[in-house]
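Residue numbers (the UniProt record's numbering): 1 to 212.
Built from N, CA and C at the ideal position, the CB exists for glycine as well.
No experiment lies behind these values; they were computed from the predicted model shown.
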Amino acid sequence: MKPTIIIADDHQIFLNGLHSLLDPHYTIVARATDGNELIDLALKHQPDLVVSDLSMPKTNGITAIRTLRNRQCRAKFILLTMHMEPEYASAAIKAGASAYILKHTAPEKLLTLLGEVLHGKVYIPSELTRDILEWSDQTNETNRITERQREIIQLLAQGLIAKEIGAQLNISPRTVEYHKYQAMKKLGLTKSAELIHFAAQKNQPSETNLDL
């Protein structure tokens with residue numbers, strides 16, 4: 001049985017294209033063209049995945065995700081957007097999105113990422129990871145992660161394992177694991193995937209500051 005999915009975008013041409021791409025792989029149970037409609041349909045159908053635009057009429061994608069999470073919707077949420085500003089990606093992950101994907105992503109890559117999200121992975125584009133980490137840096141110097149730890153977090157976000165990271169940074173896999181452990185310890189995290197969520201835990205912008 002194919003996973004169920006709801007897609008949402010206020011641009012009909014893009015929505016139709018997304019439908020055509022996903023239809024062979026997912027059961028598309030509904031389509032929405034504004035945030036309020038998305039909330040209603042997701043609560044009604046309880047899909048496995050929700051793929052939504054960020055900037056939509058009535059209710060933006062971030063607020064829709066936050067509302068659905070608060071109302072116990074079991075879906076995993078993916079935001080598909082043109083916005084490359086780190087504050088948007090940070091707000092999306094904080095609201096409960098499992099992935100923040102840019103609309104220029106290749107179709108094959110998008111399909112791969114959706115499958116990974118279904119299996120519990122979190123995704124932020126590598127070109128945004130450093131910006132988010134810098135934007136959300138903690139003010140307490142003793143808790144601040146090091147530059148090496150930042151590099152490792154970025155490479156983990158790209159899906160690299162310790163051996164690959166070590167080869168790229170010219171350090172041993174054991175050293176990679178040490179830096180990863182130290183970063184997680186400083187940030188109070190227990191899982192590698194949670195490192196990506198770190199960026200959304202500080203300096204959360206208010207909804208009124210999101211110019212959607």
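Nearest to A89 by alpha-carbon distance, out of Y123, L155, D40, is Y123. In this structure, A99 lies near L113, with their beta-carbon atoms less than 8 Å apart. Contact annotation, I13 with L22: C-beta distance approximately 15 Å; criterion of less than 8 Å not satisfied. Closest in C-alpha terms to K180, from the list A167, L43, R148, comes R148.
Of the residues assessed, A42 falls on the buried side of the cut-off, its CB having 16 or more other CB atoms within 10 angstroms.
If you compare the alpha carbons of R69, A157, H25, L102 with that of Q46, the shortest gap goes to R69. Our two residues, Q168 and T129, have alpha carbons roughly 17 Å apart in a direct line.
Between the beta-carbon of I6 and that of A30 there is about 5 Å, and that keeps the pair under the 8 Å contact cut. Less than 8 Å divides the Cβ of M56 from the Cβ of D10. At least 8 Å separates the beta-carbon of L49 from that of A8.
Spatial neighbours of T33 in its own chain (CB-CB distance under 8 Å, excluding positions within 5 residues in sequence) are listed in chain order as A8, D9, D10, Q12, L15, M56, P57.
In the DSSP annotation of this structure, the continuous segment of the beta strand (DSSP E) that includes V29 starts and ends at 27-32.
When DSSP states are grouped into helix, strand and coil, I65 belongs to the helix group. Membership of D53 in the beta strand (DSSP E) is indicated by the continuous run 49-53. Between L80 and Y26, the alpha-carbon positions lie close to 17 Å from each other.
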